[in-house]
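To start, the structure under review is shown below, and the notes come after it.
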Amino acid sequence: MTVAHHDPTLPEVTLSELDGVRYLHLDSIWVQGAMRIAKPRVLELEYIQRMMAWMLWRPSAELAQGHAVQLGLGAAAITRFCHQVLRMRTTAVELNPAVIAACRMRFRLGADDERLTVLNQDAGAWVREPANAQTVDVLNVDLYDHEAAAPVLDDERFYADCHQVLNHGGLMTVNLFGRHASFLASAERIAAAFGRDQVWSLRPTREGNTVVVAARGVVVPGREELIARADNIEKRYGSLGVPARKWLRMVRPLPDPAN
């Protein structure tokens with residue numbers, strides 16, 4: 001199925017379905033998002049599940065507080081989860097109006113309300129906007145071209161702007177390709193903007209997606225506290241595709257390129 005739009009400069013949005021899962025594509029065979037039709041709040045894709053690993057860095061009492069922002073809507077899985085499950089104030093920023101239309105019509109993304117705002121804007125411009133500085137507690141960055149080959153925003157300036165929009169104690173997750181030659185360069189740009197001691201990565205998924213977590217002024221708790229947080233997260237949200245104990249086993253500090 002094709003979702004029509006009127007901007008020829010942007011990739012065409014198409015949908016497919018297989019074994020009860022609906023997929024979103026951007027003018028290619030590559031999957032840009034997915035939703036299990038019978039369970040729309042479950043996080044279907046493994047890398048999307050890992051994009052929620054920021055939850056480990058937040059105290060349990062503050063887990064679902066604050067403002068969550070997604071750059072790049074995809075099939076709206078993270079936006080749905082933050083808005084409908086965590087019930088956070090949630091903003092999504094998406095350049096392609098056809099992606100927004102597809103998510104509204106076919107991926108259970110509701111209309112804007114007092115906690116949800118979906119913006120048809122350029123993500124790079126949004127993080128540069130002075131009015132957005134220090135307004136975000138959780139920032140999820142998943143910005144890929146239509147062939148899913150490389151991030152479309154991946155320079156040090158962009159990551160510095162991402163750092164700037166975060167409140168103190170805020171967290172960012174970024175989807176990168178861990179087996180791609182550009183991963184280390186991208187990770188170093190993030191470290192330059194956030195500080196190496198505020199950047200961690202998870203192991204690559206089978207498909208090669210590596211999620212990087214970066215923080216603004218977060219004090220990492222001890223192992224026992226992290227285990228307690230993971231247990232709490234999995235007890236509350238594990239059935240929705242949030243395997244926090246597994247994340248804890250695969251989190252690593254960013255490797256030092258000098259070693």
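Numbering (UniProt numbering), first residue to last: 1 to 259. Ideal placement from N, C-alpha and C gives every residue a C-beta, glycine not left out.
From residue i to residue j, what does the alpha carbon distance come to, in whole angstroms?
i, j, result
"P59", "A228", "10 Å"
"A244", "G208", "19 Å"
"Q84", "Q32", "21 Å"
"S16", "W30", "11 Å"
"R42", "C103", "The amino acid at residue 42 is misidentified as Arg; the sequence shows Val. Answer to the nearest angstrom: the Cα atoms are 15 Å apart."
"G110", "R157", "33 Å"
"H67", "S28", "33 Å"
"L56", "A230", "6 Å"
"T14", "D155", "29 Å"
"G20", "V242", "20 Å"
"I233", "A64", "11 Å"
"E225", "A34", "33 Å"
"A4", "G195", "Residue placement at A4 cannot be trusted, given a pLDDT of 49 that sits under 50; what the coordinates show is reported in the next sentence. Those two C-alpha atoms are separated by around 43 Å."
"L143", "V174", "9 Å"
"V213", "A160", "14 Å"
"P257", "W54", "24 Å"
"L73", "L116", "13 Å"
"L10", "P221", "44 Å"
"L24", "F183", "24 Å"
"E147", "M172", "With a pLDDT of 47 at E147, under the threshold of 50, the predicted position of this residue should be treated as unreliable, though the coordinate-derived value follows. E147 and M172: Cα-Cα distance of roughly 24 Å."
"L26", "G124", "20 Å"
"G238", "E129", "36 Å"
"A38", "H168", "38 Å"
"L86", "A185", "33 Å"
"P204", "Q134", "30 Å"
"I100", "L240", "23 Å"
"A149", "Y47", "Because A149 carries a pLDDT of 48, less than 50, the predicted location of this residue cannot be relied on, and the following value inherits that uncertainty. Rounded to whole angstroms, A149 to Y47 spans 15 Å at the Cα level."
"F81", "A192", "30 Å"
"L18", "I78", "21 Å"
"M52", "N140", "8 Å"
Among the options, whose alpha-carbon lies nearest the alpha-carbon of residue i?
i, options, result
"V138", "D27, L248, R245 and R216", "R216"
"P8", "G169, A77, H83 and A98", "A98"
"residue 260", "L18, W30 and R236", "There is no way to answer for residue 260, as the model of the chain reaches only from 1 to 259."
"R223", "I233, L248 and S201", "L248"
"H163", "D112, L26 and R189", "R189"
"N122", "R108, D256, L153 and V136", "Contrary to the premise, residue 122 reads as Asp rather than Asn in this sequence. Of R108, D256, L153 and V136, the residue nearest in Cα terms is L153."
"R206", "E12, R80, Y23 and L45", "L45"
"W126", "M105, E114, A92 and R108", "A92"
"L254", "N140, S239, V211 and D142", "V211"
"L166", "F81, V118, Q70 and H25", "Q70"
"V219", "D197, P204 and I78", "D197"
"P40", "T135, A75 and E12", "A75"
"E114", "N96, A131, Q134 and R89", "R89"
"F107", "L86, R36 and W200", "R36"
"F177", "S201, A192, A193 and G170", "S201"
Would residue i pass as an interface residue toward chain B - the criterion being a Cβ-Cβ separation below 8 Å?
i, result
"R50", "Within the model displayed, chain B is absent; a lone protein chain is all it includes."
How far does the beta strand (DSSP E) with residue i in it extend, from its first residue to its last?
i, result
"R128", "R128 -> not in any beta strand (DSSP E); alpha helix (DSSP H) instead, spanning A123 to R128."
"L116", "L116 to N120"
"V136", "V136 to V141"
Tell me, please, which residues DSSP counts as bridged to residue i.
i, result
"W200", "V213 and P253"
"N175", "V211"
"V93", "L71 and L119"
What first and last residue would you give for the alpha helix (DSSP H) that runs through residue i?
i, result
"H163", "E156 to V165"
"L86", "Counting along the chain, L86 falls outside any alpha helix (DSSP H), and DSSP gives it neither H nor E."
"S186", "F183 to F194"
"D231", "R223 to Y237"
"P97", "P97 to R106"
TODO: Could you pull out every unbroken beta strand (DSSP E) segment of at least 3 residues lying fully inside the stretch 3-82, listed in chain order?
DONE: If we require 3 residues or more, the beta strand (DSSP E) runs fully inside the stretch 3-82 come out as 13-18, 21-26, 31-36 and 67-71.
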